[in-house]
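Enquirer: Residues 25 to 285 (this note's numbering) make up the sequence shown, in order.
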Amino acid sequence: MSAVTTKAPLVSLRNICKSFGGVHAVENANVNLHPGEVVALLGHNGAGKSTLMKMLAGAYPIDSGDILIRGEKVHIRNPADSQGLGIETIYQTLALADNLDSVANLFLGRELMTPWRTLDDLRMDADARKVFARLNKNFKNFRVPVRRLSGGQRQTVAISRALYFNASILIMDEPCAALGPEETRMVGELIKQLKAEGVGIFLISHDMPDVFGLSDRLAVMKNGKMVGTYNTKDVNEDEVLGMIILGKRPEGKVQAERNEG
Ligand SMILES: Nc1ncnc2c1ncn2[C@@H]1O[C@H](COP(=O)(O)OP(=O)(O)OP(=O)(O)O)[C@@H](O)[C@H]1O
Ligand SMILES: [Mg+2]
Numbered sequence: 025m026s027a028v029t030t031k032a033p034l035v036s037l038r039n040i041c042k043s044f045g046g047v048h049a050v051e052n053a054n055v056n057l058h059p060g061e062v063v064a065l066l067g068h069n070g071a072g073k074s075t076l077m078k079m080l081a082g083a084y085p086i087d088s089g090d091i092l093i094r095g096e097k098v099h100i101r102n103p104a105d106s107q108g109l110g111i112e113t114i115y116q117t118l119a120l121a122d123n124l125d126s127v128a129n130l131f132l133g134r135e136l137m138t139p140w141r142t143l144d145d146l147r148m149d150a151d152a153r154k155v156f157a158r159l160n161k162n163f164k165n166f167r168v169p170v171r172r173l174s175g176g177q178r179q180t181v182a183i184s185r186a187l188y189f190n191a192s193i194l195i196m197d198e199p200c201a202a203l204g205p206e207e208t209r210m211v212g213e214l215i216k217q218l219k220a221e222g223v224g225i226f227l228i229s230h231d232m233p234d235v236f237g238l239s240d241r242l243a244v245m246k247n248g249k250m251v252g253t254y255n256t257k258d259v260n261e262d263e264v265l266g267m268i269i270l271g272k273r274p275e276g277k278v279q280a281e282r283n284e285g
């Protein structure tokens, strides 16, 4: 690996734009993500957070702008392109197939096959047990349709995909929104663990304690535009709320968008 690529951010979103009809959902958004870094993406409802991340996940094509992965410009046309680049997404809605069980959801679209080109159910079952156990020791009923699972169990299934397929870049859109305190703590622990392994994480969250407890940097969006990006330790909650609500950057604070690479 050359010196240039080791220095480049894991993800660099540059001047990204996306409109839906007349609505500018995302306008000239810039943000970087580095290995082992958690970047919190903040903003009011409709600010453009999910839309920005969905372009990285391949759910929507970008209108204009550039996506660079490890310093190289990429074209993400669909979710498979995104997954092929090591990007896994946990959507706000979890996006599980409700009638299928947890094992089938883990491997959905990426089923393991035997050399005879049949589904390798034994291996999928065994591998799924391992990854579910790592996430949630109490999770046993993974052979029932996921619609019958609790919020935390559904979250376990969603996150298991990122773990199993060795994501290097993880997008988590409100991962704790439907969870109780114990399950939220579990997701927080998992984020710290993945971070220590060098995974870069975009975390969309409305929860200030989560944001301050988990993120290294935070980027605030308002009306599709990036208001500012700061080291989390350099700003306080009032300053963050000022950016979210008023679109006002804190006075005398230096932004922390590292644009090398
Ligand atoms: N598929 C779509 N078709 C049309 N408009 C859309 C679509 N997706 C998002 N929008 C619009 O784009 C804007 C940004 O929406 P987005 O979902 O990205 O916001 P968000 O920051 O994720 O909000 P929330 O916190 O509520 O999840 C909104 O005005 C929304 O109505
Ligand atoms: Mg959203």
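Yeah, the Cβ is synthetic: ideal placement off N, Cα and C, and Gly gets one too.
Just so we're clear, the structure is a prediction, and the values are computed from it rather than from any experiment.
How big is the Cα-Cα spacing for Q107 and V278?
Expert: Mapped onto the sequence shown, residue 107 falls at position 83. Mapped onto the sequence shown, residue 278 falls at position 254. Q107 and V278: Cα-Cα distance of roughly 34 Å.
Enquirer: Less than 7 Å between the CB of D234 and some heavy atom of ligand 2, yes or no?
Expert: Numbered from 1 along the sequence shown, position 210 holds the residue referred to as residue 234. It does not: the Cβ of D234 is nowhere closer than 7 Å to a heavy atom of ligand 2.
Enquirer: Would you call the stretch 93-109 and the stretch 66-77 touching, i.e. three or more CB-CB distances under 8 Å?
Expert: Output reads no: the stretch 66-77 does not touch the stretch 93-109.
Enquirer: Count the other C-beta atoms from every protein chain shown that fall within 10 angstroms of the C-beta of V168, then say buried if there are 16 or more, exposed otherwise.
Expert: Here residue 168 refers to the residue found at position 144 when the sequence shown is read from its first residue. Classification of V168: exposed, given that the 10 Å Cβ count is below 16.
Enquirer: Output the distance between the C-alpha atoms of I93 and A53, rounded to the nearest integer angstrom.
Expert: On the sequence shown, position 69 is the one that residue 93 refers to. On the sequence shown, position 29 is the one that residue 53 refers to. One C-alpha to the other measures close to 16 Å.
Enquirer: Candidates A280, T253 and K257: which alpha carbon is nearest M267's?
Expert: Here residue 267 refers to the residue found at position 243 when the sequence shown is read from its first residue. Of the candidates A280, T253 and K257, the one whose C-alpha sits nearest the C-alpha of M267 is T253.
Enquirer: Hey, is A280 close to ligand 3, as in C-beta under 7 Å from one of its heavy atoms?
Expert: This structure lacks ligand 3; the ligands present are ligand 1 and ligand 2.
Enquirer: Would you call V47 buried or exposed, if buried means 16 or more other Cβ atoms sit within 10 Å of its Cβ?
Expert: In the sequence shown, residue 47 corresponds to position 23, counting from 1. Flag for V47 reads exposed.
Enquirer: Thinking C-alpha only, which one of L218, R147 and E112 is nearest A182?
Expert: Translated into the one-based positions of the sequence shown, residue 182 becomes position 158. Per the Cα distances, E112.
Enquirer: In terms of residues, what are the limits of the alpha helix (DSSP H) holding V35?
Expert: As a first step, residue 35 is located in the sequence shown; it is residue number 11 there, counting from the start. First-last for V35: V35 to F44, but that is the beta strand (DSSP E), not the alpha helix (DSSP H).
Enquirer: Among residues of its own chain, excluding the 5 on either side of G285, which ones have a beta-carbon nearer than 7 Å to its beta-carbon?
Expert: Taking the sequence shown and counting its residues from 1, one reaches residue 285 at position 261. Any answer about G285 is weak, because its pLDDT of 36 lies below 50 and its placement is not dependable; what the coordinates show is given next. Answer for G285: K31, A32, P33, S36 and G95, listed in chain order.
Enquirer: Are there 16 or more other CB atoms within 10 angstroms of the CB of P199, so buried, or fewer, so exposed?
Expert: In the sequence shown, residue 199 corresponds to position 175, counting from 1. So P199 counts as buried.
Enquirer: Which value, in whole angstroms, describes the spacing of the CA atoms of M25 and G224?
Expert: Translated into the one-based positions of the sequence shown, residue 25 becomes position 1. Translated into the one-based positions of the sequence shown, residue 224 becomes position 200. A caution first: M25 carries a pLDDT of 43, below 50, which makes its placement in the model unreliable, though a value can still be read off. Roughly 19 Å separates the two Cα atoms.
Enquirer: Quick one: using the 10 Å Cβ neighbour count with 16 as the cut-off for buried, is Q217 buried or exposed?
Expert: Within the sequence shown, the letter at position 193 stands for residue 217. When all chains shown are included, Q217 counts as exposed.
Enquirer: Is A121 closer than 8 Å to L227 when the C-beta atoms are compared?
Expert: Taking the first residue of the sequence shown as 1, we reach residue 227 at position 203. Taking the first residue of the sequence shown as 1, we reach residue 121 at position 97. Cβ distance not < 8 Å, so L227 and A121 don't count as in contact.
Enquirer: Tell me, please, which residues DSSP counts as bridged to S88.
Expert: Against the sequence shown, residue 88 aligns to sequence position 64. Paired residue(s): C41.
Enquirer: Run the proximity test for S43: is its beta-carbon closer than 7 Å to any non-hydrogen atom belonging to ligand 2?
Expert: What you label residue 43 is simply residue 19 of the sequence shown in a count that begins at 1. False, no ligand heavy atom lies under 7 Å from that Cβ.
Enquirer: When burial is assigned at 16 or more other CB atoms within 10 Å of the CB, is F156 buried or exposed?
Expert: Residue 156 sits at position 132 when you count from the first residue of the sequence shown. F156 comes out buried.
Enquirer: What separation, rounded to the nearest whole angstrom, lies between the Cα atoms of F163 and E207?
Expert: Working through the sequence shown from its first residue, we reach residue 163 at position 139. Working through the sequence shown from its first residue, we reach residue 207 at position 183. Near 12 Å, if we compare the C-alpha coordinates of E207 and F163.
Enquirer: Going by other Cβ atoms of all chains shown within 10 Å of its Cβ, with 16 needed for buried, is T180 buried or exposed?
Expert: Position 156 of the sequence shown holds residue 180. T180 comes out buried.
Enquirer: Could you compute how far the alpha carbon of A191 sits from the alpha carbon of S229?
Expert: As a working mapping, residue 191 is identified with position 167 in the sequence shown. As a working mapping, residue 229 is identified with position 205 in the sequence shown. Between A191 and S229, the C-alpha separation is close to 20 Å.
Enquirer: By Cβ distance, which residues of its chain are closer than 8 Å to R153, with the 5 residues on each side in sequence left out?
Expert: Start at 1 with the first residue of the sequence shown, and residue 153 comes out as number 129. Cβ within range, chain order: F166.
Enquirer: Since F226 sits in a beta bridge, which residues does DSSP pair it with?
Expert: The residue given as residue 226 occupies position 202 in the sequence shown. F226 pairs with V63 and I195.
Enquirer: List the residues that DSSP assigns as beta-bridge partners of G252.
Expert: By 1-based counting over the sequence shown, the position of residue 252 is 228. In the DSSP output, where bridge partners are listed per residue, G252 has V244.
Enquirer: Is the beta carbon of T256 closer than 8 Å to that of L270?
Expert: Looking up residue 270 in the sequence shown gives position 246. Looking up residue 256 in the sequence shown gives position 232. Contact: no.
Enquirer: Rounded to whole angstroms, what's the CA-CA distance from K42 to G204? Just pull it up for me.
Expert: Counted from its first residue, the sequence shown places residue 42 at position 18. Counted from its first residue, the sequence shown places residue 204 at position 180. K42 and G204: Cα-Cα distance of roughly 34 Å.
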